[in-house]
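To start, the structure itself, in structure tokens.
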Amino acid sequence: MTLMISPGLSSWELVFRLALAAIIGAIFGYERKKSKKPAGIRTHVLISLASCMVALVSAYGFAGVYSPELVGINFNIDPARLVVGVLTGIGFIGGGIIWKSTTGVIGITTAAEIFFLAALGIAIGLGLYLLAGVAALIAIITLVASDIKQLMPGKRKAEAADDAIARQDDPQEEN
6 MTLMISPGLS SWELVFRLAL AAIIGAIFGY ERKKSKKPAG IRTHVLISLA SCMVALVSAY
66 GFAGVYSPEL VGINFNIDPA RLVVGVLTGI GFIGGGIIWK STTGVIGITT AAEIFFLAAL
126 GIAIGLGLYL LAGVAALIAI ITLVASDIKQ LMPGKRKAEA ADDAIARQDD PQEEN
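According to this note's numbering, the sequence shown is numbered sequentially starting from 6.
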């Protein structure tokens, strides 16, 4: 049995999009967990999956609303509002992750990653695989490269001290 959500979207495509969003969320969540940062695998999977699901509902869930019986009735349906609602809600989650300590602001990168992951889930839900893939690759390279830079054995103590001072001067950076 094949359930058609709308013309052109089979149940297999639906499952593929949800699974892809969950897998990518798990990859990003693992990176945060490995770095001992707030919001791990479960949080990242749920955010990516929920964003993907909302995008699917937004794009395909209103197909039956436009029917011949409604001709002449004045009503407004804007499926994009669901996507905007997701991004607004994710902003609140991100705000809860960020906190100020005596050493600076902590959680900025994780909050930004969660916002990015919501956008990624939306892109996957809408079937924008190339956009999602390229963006995910760039984001992973950015996150991993910053971790590798901190582990470089040839880094002098003076450079490390300069980096620490720069992080204190720039509250947007996460330790």
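Even for Gly, the Cβ is constructed at its ideal location relative to N, Cα and C. Predicted model, so just to flag it, every value in this text is computed and none were measured.
Cα separation between residue i and residue j?
i       : j       : result
Ile-196 : Arg-86  : The chain is shown from 6 up to 180; residue 196 falls before or after that span and cannot be answered.
Gly-100 : Gly-112 : 9 Å
Ala-60  : Leu-125 : 10 Å
Phe-67  : Thr-107 : 49 Å
Val-50  : Leu-23  : 10 Å
Glu-179 : Pro-84  : Because the pLDDT of Glu-179 is 49, which lies under 50, any placement of that residue in the model is unreliable, and the number read from its coordinates should be weighed accordingly. Spanning the two alpha carbons is a distance of roughly 36 Å.
Ala-31  : Arg-37  : 10 Å
Leu-54  : Gly-109 : 32 Å
Leu-131 : Thr-93  : 18 Å
Val-139 : Thr-147 : 12 Å
Count the other CB atoms, across all protein chains shown, that sit within 10 Å of the CB of residue i; report buried if there are 16 or more and exposed otherwise.
i       : result
Ser-56  : buried
Lys-39  : exposed
Leu-135 : exposed
Phe-121 : buried
Gly-90  : exposed
Ile-28  : exposed
Arg-47  : exposed
Thr-114 : buried
Val-88  : buried
Phe-97  : exposed
Ser-15  : exposed
Tyr-65  : buried
Ala-150 : exposed
Within the same chain, show all residues whose beta-carbon is closer than 7 Å to that of residue i, passing over the 5 residues directly before and after it, in chain order.
i      : result
Tyr-35 : Ile-46
Phe-33 : His-49, Glu-118 and Leu-122
Ala-44 : Arg-37, Ile-102, Thr-115 and Ile-119
Could you pull out every residue in the same chain whose Cβ sits closer than 6 Å to the Cβ of residue i, ignoring the five residues on either side in sequence?
i       : result
Ala-137 : Leu-125, Ala-128 and Ile-129
Leaving out the 5 sequence neighbours to the left and right, which residues in its chain are closer than 8 Å to residue i when beta-carbon positions are compared?
i       : result
Ile-95  : Ile-52, Ser-56, Ile-119, Phe-120 and Ala-123
Trp-104 : Val-110, Ile-111 and Gly-112
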